[in-house]
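Novice:
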Amino acid sequence: MTELTKAPVTKWTAAETAAAVAAGTVSAVEVAQAHLDRIDAVDKKVNAFLHVDTEGALAAARAVDDKRAKGEELGPLAGVPLALKDVFTTKGVPTTCGSKILEGWIPPYDATLTSRLKDAGVVILGKTNMDEFAMGSSTENSAYGTTGNPWDLSRIPGGSGGGSAAALAAFEAPLAIGTDTGGSIRQPGAVTGTVGVKPTYGSVSRYGLVAFSSSLDQGGPCARTVLDAALLHEAIAGYDPLDSTSIDAPVPAVVAAAKQRDVRGMRIGVVKEFAGEGYQAGVMQRFNESVELLRELGAEVVEVSCPSFTLALPAYYLIAPSEASSNLARFDAMRYGLRVGDDGIASAEQVTALTREAGFGPEVKRRIILGTYALSSGYYDAYYGSAQKVRTLISRDFDAAFAGVDVLVSPTTPTTAFPIGERADDPMAMYLADLCTIPSNLAGNAAMSLPCGLAPEDNLPVGLQIIAPAMADDRLYRVGGAVEAALNDKWGHTLLEEAPAL
Amino acid sequence: MPGITREEVAHLARLSRLELQAEELDHFAEQLDVIIGAVARVSEVAGADVPPTSHPLPLTNVMRADEVRPSLTPEQALSGAPAAEEQRFRVPQILGED
Numbered sequence: 001m002t003e004l005t006k007a008p009v010t011k012w013t014a015a016e017t018a019a020a021v022a023a024g025t026v027s028a029v030e031v032a033q034a035h036l037d038r039i040d041a042v043d044k045k046v047n048a049f050l051h052v053d054t055e056g057a058l059a060a061a062r063a064v065d066d067k068r069a070k071g072e073e074l075g076p077l078a079g080v081p082l083a084l085k086d087v088f089t090t091k092g093v094p095t096t097c098g099s100k101i102l103e104g105w106i107p108p109y110d111a112t113l114t115s116r117l118k119d120a121g122v123v124i125l126g127k128t129n130m131d132e133f134a135m136g137s138s139t140e141n142s143a144y145g146t147t148g149n150p151w152d153l154s155r156i157p158g159g160s161g162g163g164s165a166a167a168l169a170a171f172e173a174p175l176a177i178g179t180d181t182g183g184s185i186r187q188p189g190a191v192t193g194t195v196g197v198k199p200t201y202g203s204v205s206r207y208g209l210v211a212f213s214s215s216l217d218q219g220g221p222c223a224r225t226v227l228d229a230a231l232l233h234e235a236i237a238g239y240d241p242l243d244s245t246s247i248d249a250p251v252p253a254v255v256a257a258a259k260q261r262d263v264r265g266m267r268i269g270v271v272k273e274f275a276g277e278g279y280q281a282g283v284m285q286r287f288n289e290s291v292e293l294l295r296e297l298g299a300e301v302v303e304v305s306c307p308s309f310t311l312a313l314p315a316y317y318l319i320a321p322s323e324a325s326s327n328l329a330r331f332d333a334m335r336y337g338l339r340v341g342d343d344g345i346a347s348a349e350q351v352t353a354l355t356r357e358a359g360f361g362p363e364v365k366r367r368i369i370l371g372t373y374a375l376s377s378g379y380y381d382a383y384y385g386s387a388q389k390v391r392t393l394i395s396r397d398f399d400a401a402f403a404g405v406d407v408l409v410s411p412t413t414p415t416t417a418f419p420i421g422e423r424a425d426d427p428m429a430m431y432l433a434d435l436c437t438i439p440s441n442l443a444g445n446a447a448m449s450l451p452c453g454l455a456p457e458d459n460l461p462v463g464l465q466i467i468a469p470a471m472a473d474d475r476l477y478r479v480g481g482a483v484e485a486a487l488n489d490k491w492g493h494t495l496l497e498e499a500p501a502l
Numbered sequence: 001m002p003g004i005t006r007e008e009v010a011h012l013a014r015l016s017r018l019e020l021q022a023e024e025l026d027h028f029a030e031q032l033d034v035i036i037g038a039v040a041r042v043s044e045v046a047g048a049d050v051p052p053t054s055h056p057l058p059l060t061n062v063m064r065a066d067e068v069r070p071s072l073t074p075e076q077a078l079s080g081a082p083a084a085e086e087q088r089f090r091v092p093q094i095l096g097e098d
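Those protein sequences? They're chains A and B, same order as listed. Per UniProt numbering: the first sequence = residues 1 to 502. Per UniProt numbering: the second sequence = residues 1 to 98.
(1) Excluding the 5 residues flanking B/Ala83 on each side, which residues of the same chain have their C-beta closer than 8 angstroms to its C-beta?
(2) Report the rounded CA-to-CA distance for A/Gly121 versus A/Thr352, giving the unit in angstroms.
(3) DSSP puts A/Cys222 in a beta bridge; with which residues?
(4) If you draw a straight line from the C-alpha of A/Gly265 to the C-alpha of A/Tyr201, how long is it?
(5) 8 angstroms is my cut-off, CB to CB: does B/Gly3 come that close to chain A?
(6) Strictly below 8 angstroms CB to CB, what residues from chain E border A/Leu354?
(7) With a threshold of 8 angstroms between beta carbons, is B/Val68 in contact with chain A?
(8) List, in chain order, every chain A residue whose beta-carbon is nearer than 8 angstroms to that of B/Arg41.
(9) What are the boundary residues of the alpha helix (DSSP H) that includes A/Arg62?
(10) Which word fits A/Ser395, buried or exposed, when buried means at least 16 other C-beta atoms lie within 10 angstroms of its C-beta?
(11) Run through the stretch 403 to 444 of chain A for me and flag every whole beta strand (DSSP E) of 3 or more residues, listed as ranges in chain order.
(12) Between which two residues does the beta strand (DSSP E) harbouring A/Ala83 extend?
(13) Please confirm whether B/Ala22 has its beta-carbon closer than 8 angstroms to some beta-carbon of chain A.
(14) Measure from the alpha carbon of A/Asp43 to the alpha carbon of each residue in A/Gly183, A/Pro241, A/Glu292 and A/Pro150, then state which is nearest.
(15) If you reduce the DSSP assignment to three classes, tell me which class A/Thr10 lands in.
(16) Return the bridge partner residues of A/Asn288 from the DSSP annotation.
(17) Hey, how far is the Cα of A/Thr128 from the Cα of B/Asp49?
(18) Taking the DSSP output, what are the residues bridged to A/Gln465?
(19) Just mark A/Ser154 as buried or exposed, buried being the case when its beta carbon has 16 or more other beta carbons within 10 Å.
(20) Beta-carbon of A/Glu422 versus every beta-carbon of chain B: anything under 8 angstroms?
(21) Residue range of the alpha helix (DSSP H) that A/Val483 falls in?
(22) In this structure, how does DSSP classify A/Asp152 when only helix, strand and coil are distinguished?
(23) Would a C-beta distance cut-off of 8 angstroms place A/Pro94 and B/Ser79 closer than the cut-off?
(24) Find the residues of chain B that neighbour A/Asp110, judging by a C-beta separation of less than 7 angstroms, and give them in chain order.
(25) For a quick check, are the C-beta atoms of A/Ser160 and A/Gly145 less than 8 angstroms apart?
(26) Any beta-carbon of chain A closer than 8 angstroms to the one on B/Ile94?
(27) By alpha-carbon positions, which one of A/Tyr316, A/Pro439 and A/Ala324 ends up nearest to B/Ala40?
(28) Interface residues of chain B around A/Tyr380 at Cβ under 7 angstroms?
(29) Anything in chain B within Cβ reach of A/Thr245, meaning under 8 angstroms, just list it in chain order.
(30) For chain B, check one thing: does any of its Cβ atoms lie closer than 8 angstroms to the Cβ of A/Tyr373?
(31) Measuring CB to CB, does A/Ala48 end up less than 8 angstroms from A/Pro81?
(32) Quick one: is B/Glu44 buried, meaning 16 or more other Cβ sit within 10 Å of its Cβ, or exposed?
(33) Pull up the CB-CB distance for A/Pro461 and A/Val191, whole angstroms please, since I reckon it's below 8 angstroms.
(34) By a C-beta neighbour count over all protein chains shown, 10 Å radius and 16 as the cutoff for buried, is B/Leu59 buried or exposed?
(35) Would you kindly work out how many angstroms separate the C-alpha atoms of A/Thr2 and A/Ala63, rounded to a whole number?
(36) Run the CB neighbour count on A/Ala249, radius 10 Å, all protein chains shown included, and call it buried at 16 or more, exposed below.
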C-alpha cells in the first residue's frame, strides 16, 4: 500500500481500492467522499453526470464499512465507486436516458445489473450522461447538454456512453457501466483512453435496461484497466431468469484471463476491411504498432478477410431504428414520463403525438421515422428483410474467421475524438464513428477496446479493438491484459497519466 | 430504389405518433433521403438463398406457473404516471364523441 499513499484515492485502480478497503487502509466512506469531492470539483467542466446520488453513495459505502467492522467477507469490488449510465433503472434514483420525455422519472425498481452492483458492495455515485436513448456517437444528442472529453473539453467523449467514459478519464470514478448497441461502450472508450467491453450478447441481463434495439443492446464494463474491467464483468454477468434472452451458462473466467498476460501460441487475425480511406493516419500507425507488439509478444498474426463487414453499417442503420421504432412506442404519455397537451379536449392519440414531439430530440425522431419506413409494407423486404440477411452473412464471416484464429483485431474507431458540433448535422458522417464496432453487435459476439497510444497528429487517444467468439470473452482479457502490460512497460506509465489536468 | 418525400415523412410521422413541425418535415426528408440512399445497398447482396437472422440467439417463449407472486404495489406502479386517480392511470379521452 505504500505506492497507493503517494497518489490521491481517485487515481487508484478499482482493484487497488477494493484491496485497500478490505485491508482497512482506507474506509469505503473516505473513498466515496474523495470521488464525490472530485465530481464537485471537475464535473461542471466535464458534465459526465446527470445525477449525483451523494446520500445513496455514502449509505452504500457505510454498509461496506459496517460489514468489514463485523468481520464479514467483502467481495472483490466492495467499496469501489462506480458511475452508472442513465439507461439502467435505479430504484428511487432518477433515470432519464438522456431524454426530456423521462425527465424526473424515478423508477420503482432496480435493473438486474443495478441489483448485482449493489449486492457486490459497489458504491453507485450517480447516473451518467448519454445520447438520448443511446442513439448517437458523440453524447451531443443528450437533452441535458453534451459531455466534454477530458483530453480536450472541446471534443466529443464518444457516444452514447460518453458520460461513463468521461467520468473514468476525469478520475471521477474508477469504474463505470455502459451499454453497447453499435459500439457505445467501445467507441467512447477508444476516444477517452479507457477500456470498454461489450460482453457476449445475452451474458449480462437486459432486465431494467431501457431498450433501444433489443437484439443488439448489451450492458458492459468500462474501466481504466483491463483487470478492473474483468472484475466488473464478473460482478454483472450471469444468467437472469427475468431476461428471456439471458444465456444460462457459466461466465468465462475473465479475471484469471486478465491476469495471464501471455499471448504466446495465440492466433490473431487482422481484419483487412478495417483500413484504408477514412482512417486517420495516426490511428492506423498506432494500430499497426499494436499488431507488431502482439507479434513480439509471441502471437501469430495473420490477415483475415471479412467481406460482408462493409455492409454492417447500412444493415445496422436499418435494424436498430426498426427495433427502436417499436421499443419507443411505450413512451405514450399514459403510464410514465412527460405528458403534453392534455387540455381535457385533446384525445389520447393527440396527447401521445404532442408529447412525443416535445419529449424526443431530433436523432430519436429521425430514427423512429427511418425504422417505421423500413418496416412499412412495400419496403420491408428491400430494407429490413435484406438487412437481416446481411446479418447472416456477417455471422458467417465471423464463423469462417474464428475457424482459423482465436481473436480478431482492428482499430476501434477510424478517427480520434472529433470537435463537438463537427458532425452534428451530418448523420452519415456521425454514423461512420461506429464502422468497426457494429459487426460484433449484429453477430452477438464479444469485443473490447483498450488504449494503444496517442495519435501523433493530435495527441488524442487511439483504441485497439479485440473481437472474440460468443462466450469466449476471456480471450479478450487475455490479449488485452498482455497488450496493456507491454504498453505500460514501454511508456513507463499508463496512457491516462498523459491526459491534461482538469 | 425510391427516395423519401416530404409527404412520406409526414405520413410516417403520423404512423409513429409524432406531431412534427413543418421545418422538421423538410429537414428530415432531406436527411432521410441521404440515409436511405446510403443504406439501400443491403438489398444488392443478399440473395434468396441467404436466410435472415433476426436475433443473435435462438429465442424460445418462456413460461412460468400462473401463481401469485410479490410485485409492485399500486402506489409504486402509479408513481411515475403523469396523472392517476383512484389507484388507476388517468388518461385523456380515448373514445371520440361520435
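The C-beta atom is built at its ideal place from N, Cα and C for all residues, glycine as well.
Specialist: In brief:
(1) The residue given as residue 83 of chain B occupies position 83 in the second sequence. Counting only Cβ-Cβ distances below 8 angstroms, and skipping sequence neighbours, we find Phe89, Arg90 and Val91.
(2) To locate residue 121 of chain A, count along the first sequence from 1; it is residue 121. To locate residue 352 of chain A, count along the first sequence from 1; it is residue 352. Their backbone Cα atoms lie some 41 angstroms apart in a straight line.
(3) Translated into the one-based positions of the first sequence, residue 222 of chain A becomes position 222. DSSP output for A/Cys222 lists A/Ala176 and A/Gly196 as bridge partner(s).
(4) Reading the first sequence from its first residue, position 265 is the one you call residue 265 of chain A. Reading the first sequence from its first residue, position 201 is the one you call residue 201 of chain A. Approximately 27 angstroms between the Cα atoms of the pair.
(5) Within the second sequence, residue 3 of chain B is the residue found at index 3, counting from 1. No, B/Gly3 lies away from the interface with chain A (no Cβ there is under 8 angstroms from its Cβ).
(6) Going by chain labels, chain E is absent from the structure shown, which instead holds the protein chains A and B.
(7) Translated into the one-based positions of the second sequence, residue 68 of chain B becomes position 68. B/Val68 is outside the set of residues whose beta carbon lies under 8 angstroms from a beta carbon in chain A.
(8) Counted from its first residue, the second sequence places residue 41 of chain B at position 41. Those are Leu311 and Pro314, listed as they occur along chain A.
(9) Residue 62 of chain A sits at position 62 when you count from the first residue of the first sequence. Start and end: Thr54 to Ala69.
(10) Numbered from its first residue, the first sequence carries residue 395 of chain A at position 395. Looking at its Cβ environment, which holds 16 or more other Cβ atoms inside 10 Å, A/Ser395 is buried.
(11) 407 to 411
(12) On the first sequence, residue 83 of chain A is found 83 positions in, with the first residue counted as 1. Segment Pro81 to Lys85, the beta strand (DSSP E) holding A/Ala83.
(13) Counting from 1 along the second sequence, the entry for residue 22 of chain B is found at position 22. Not an interface residue.
(14) Translated into the one-based positions of the first sequence, residue 43 of chain A becomes position 43. Minimum Cα distance to A/Asp43 is reached at A/Pro150.
(15) Translated into the one-based positions of the first sequence, residue 10 of chain A becomes position 10. Helix at A/Thr10.
(16) Numbered from 1 along the first sequence, position 288 holds the residue referred to as residue 288 of chain A. DSSP lists no partner for A/Asn288.
(17) Along the first sequence, read from residue 1 onward, the residue named residue 128 of chain A stands at position 128. Along the second sequence, read from residue 1 onward, the residue named residue 49 of chain B stands at position 49. Distance between the alpha carbons of A/Thr128 and B/Asp49 is about 45 angstroms.
(18) Your numbering for residue 465 of chain A matches position 465 in the first sequence. Answer is A/Ser410 and A/Ser449, bridged to A/Gln465.
(19) Numbered from 1 along the first sequence, position 154 holds the residue referred to as residue 154 of chain A. Classification for A/Ser154: exposed.
(20) Along the first sequence, read from residue 1 onward, the residue named residue 422 of chain A stands at position 422. By this cut-off, A/Glu422 is not an interface position.
(21) For the purposes of this step, residue 483 of chain A is taken as the residue at position 483 of the first sequence. Counting along the chain, the alpha helix (DSSP H) containing A/Val483 begins and ends at Asp473 to Trp491.
(22) Against the first sequence, residue 152 of chain A aligns to sequence position 152. Here A/Asp152 sits in strand by DSSP.
(23) As a working note, residue 94 of chain A is residue 94 in the first sequence. As a working note, residue 79 of chain B is residue 79 in the second sequence. Result no, Cβ atoms of A/Pro94 and B/Ser79 do not sit closer than 8 angstroms.
(24) Looking up residue 110 of chain A in the first sequence gives position 110. In chain order: nothing, as chain B lies at least about 12 angstroms away.
(25) Counting from 1 along the first sequence, the entry for residue 160 of chain A is found at position 160. Counting from 1 along the first sequence, the entry for residue 145 of chain A is found at position 145. The answer is no: Cβ separation not under 8 angstroms.
(26) Taking the second sequence and counting its residues from 1, one reaches residue 94 of chain B at position 94. Yes, contact with chain A.
(27) As a working mapping, residue 40 of chain B is identified with position 40 in the second sequence. Nearest of A/Tyr316, A/Pro439 and A/Ala324 to B/Ala40, Cα basis: A/Tyr316.
(28) Position 380 of the first sequence, counted from the first residue, corresponds to residue 380 of chain A. Per Cβ cutoff of 7 angstroms: no residues; A/Tyr380 is ~11 angstroms from chain B at best.
(29) Here residue 245 of chain A refers to the residue found at position 245 of the first sequence. Result: His55, Leu57 and Leu59.
(30) Locating residue 373 of chain A in the first sequence gives position 373, where the first residue counts as 1. Yes, contact with chain B.
(31) Along the first sequence, one-based indexing puts residue 48 of chain A at 48. Along the first sequence, one-based indexing puts residue 81 of chain A at 81. Contact flag unset, no.
(32) Counting from 1 along the second sequence, the entry for residue 44 of chain B is found at position 44. It counts as exposed.
(33) Looking up residue 461 of chain A in the first sequence gives position 461. Looking up residue 191 of chain A in the first sequence gives position 191. Between A/Val191 and A/Pro461 the Cβ distance is about 6 angstroms, and since that is below 8 angstroms, they are a contact.
(34) As a position in the second sequence, residue 59 of chain B is number 59, starting the count at 1. The residue is exposed, with fewer than 16 neighbouring Cβ atoms inside 10 Å.
(35) Translated into the one-based positions of the first sequence, residue 2 of chain A becomes position 2. Translated into the one-based positions of the first sequence, residue 63 of chain A becomes position 63. Per-residue confidence for A/Thr2 stands at a pLDDT of 43, beneath the threshold of 50, marking its modelled position as unreliable; no derived number is given.
(36) Residue numbering aside, residue 249 of chain A sits at position 249 when the first sequence is read from its first letter. Flag for A/Ala249 reads exposed.
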